[in-house]
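Enquirer: Residues in the sequence shown are numbered consecutively from 1, following UniProt numbering. Backbone N, C-alpha and C fix where the C-beta goes; we use that ideal spot for every residue, glycine too. The structure displayed is predicted, hence computed values, not measured ones.
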Amino acid sequence: MAKERNQSFEENEAWNNESDTWGVDPEERNYRGLMGEFAFAEYADLVVDTSTSRWGDGGKDFAAEINGKPADIDVKTSNKEPKALMVKEYAVDADYYVLGHLDGYEVTFFGGAWKDSITNGVRKESPFGHVNYTLGIDYLEPLPEPDKVTLRR
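#1: Which residues in the same chain have their Cβ closer than 8 Å to the Cβ of Ile137, if we skip the five residues on either side of it in sequence?
#2: Using alpha carbons as the reference points, say which of Lys80, Ala113, Thr50 lies closest to Ile66.
#3: Indicate whether the contact test is met: 3 or more Cβ pairs, each with one atom in the region 100–108 and one in the region 137–148, closer than 8 Å.
#4: So is Pro142 buried or exposed if we call it buried at 16+ other beta carbons inside 10 Å?
#5: Can you give the Cα-Cα distance for Ser78 and Phe62, rounded to whole angstroms?
#6: Unbroken alpha helix (DSSP H) runs of length 4 or more, entirely within the region 80–122: which are they?
#7: Using the rule of at least 16 other Cβ atoms within 10 Å of the residue's Cβ for burial, across every protein chain shown, is Phe128 buried or exposed?
#8: Could you work out which residue in Arg152, Lys60, Thr150, Arg153 is closest to Lys76 when comparing CA atoms only?
This is the structure in structure tokens:
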């Protein structure tokens with residue numbers, strides 16, 4: 001799946017997918033993201049969407065409800081222990097964001113944040129030529145209880 005998602009970027013002429021652009025191998029980046037999605041799916045008893053769009057997964061990993069409120073969820077997974085949840089300014093497409101850390105084959109979740117918290121976060125220039133909304137891990141909410149996250153009806 002990571003290879004297929006990476007290929008969707010490779011085939012898009014508008015996207016520079018080189019490892020020297022993002023500081024990590026593109027296929028590894030997609031693998032890490034998938035590991036976060038599978039871990040969150042296990043946590044909340046959801047199903048990972050295995051389809052591939054023009055931009056990997058389209059920035060929305062799950063169409064769900066959180067406490068009965070509709071929410072497209074995007075799981076962000078870091079390979080380094082994160083200090084903040086970062087979302088590219090031009091890619092704030094989901095309603096709710098989850099931050100995880102992949103260590104080996106284990107994902108640890110740090111919490112989550114709604115879109116309005118993300119867009120009220122600090123805007124920070126990335127060394128990769130874009131701006132991120134940045135929300136420190138101390139400002140993340142605890143994840144909702146698993147039984148409060150359900151597939152959208």
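Expert: In terms of the structure at hand:
#1: To locate residue 137, count along the sequence shown from 1; it is residue 137. Taken in chain order, the residues that qualify are Pro82, Lys83, Ala84, Leu85, Leu99, Phe110, Gly111.
#2: In the sequence shown, residue 66 corresponds to position 66, counting from 1. With distances taken between Cα atoms, Ile66 lies closest to Ala113.
#3: no
#4: Sequence index remark: in the sequence shown, residue 142 carries index 142 (1-based). That one is exposed.
#5: Walking along the sequence shown from the start, residue 78 turns up at place 78. Walking along the sequence shown from the start, residue 62 turns up at place 62. Each residue's alpha carbon lies about 18 Å from the other.
#6: 115–119
#7: Here residue 128 refers to the residue found at position 128 when the sequence shown is read from its first residue. Exposed is the call here.
#8: Working through the sequence shown from its first residue, we reach residue 76 at position 76. Per the Cα distances, Lys60.
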